[in-house]
Amino acid sequence: MARLEQYAPRLSATGGLCPRRERIAKQLIQANLGESLAIADLAQACALSRSHFSRAFKCSTGLSPQEWIRQQRIERAKELITSSALSLTQISLECGFCDQAHFCHMFTRSEGVNPMTWRNHQLREKPQVIAA
1 MARLEQYAPR
11 LSATGGLCPR
21 RERIAKQLIQ
31 ANLGESLAIA
41 DLAQACALSR
51 SHFSRAFKCS
61 TGLSPQEWIR
71 QQRIERAKEL
81 ITSSALSLTQ
91 ISLECGFCDQ
101 AHFCHMFTRS
111 EGVNPMTWRN
121 HQLREKPQVI
131 AA
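Each residue of the sequence shown is one higher than the one before, starting from 1 at the first, in the numbering used here.
So, in structure tokens, the structure goes:
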């Protein structure tokens, strides 16, 4: 029993992307947040099949590629909401959402409030000059 416990950490870490492939995938995602991202393209950049890439990415990050992309888009939207005067429509397109309604739905699901409420709350918490 103790012998299995000794190898448990190594076993749980297997199956993920190597650091180089994980870095490639994340850099591609970050560089293309405003565009449609095909998992097949990310897999190809990492020289893996789509299914193997998806499994390995989830093993490495704890999220599926689609979930990780969505999370990064929401984080980028939050940055734009607090640091710019862009409209929610502009932000949604800048962050790769197909339209404002989809963006608002995904943002609300992620943050528990709609983007406009979140923006107003952030401005009350930390007033700052918003640049266009």
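Built from N, CA and C at the ideal position, the CB exists for glycine as well.
- Here DSSP, grouped into helix, strand and coil, assigns residue 60 to helix.
- DSSP places residue 108 in the uninterrupted alpha helix (DSSP H) bounded by 100–111.
- Per the coordinates, the alpha-carbon of residue 124 lies some 16 Å from the alpha-carbon of residue 80.
- In the displayed model, residue 84 falls within a strand according to three-state DSSP.
- Put simply, of 72, 74 and 39 the residue whose alpha carbon is nearest the alpha carbon of residue 57 is 39.
- Residue 86 and residue 16 have their C-alpha atoms some 38 Å from each other.
- Here residue 53 is not near residue 31, since their CB atoms are 9 Å or more apart.
- By alpha-carbon distance to residue 114, the top candidate from 98, 77, 36 and 44 is 77.
- In this structure, DSSP gives residue 35 a state outside helix and strand, which the three-state scheme calls coil.
- Under the three-state reduction of DSSP, residue 49 is assigned to coil, being neither helix nor strand.
- Contact annotation: residue 82 and residue 122 have beta-carbon atoms nearer than 9 Å.
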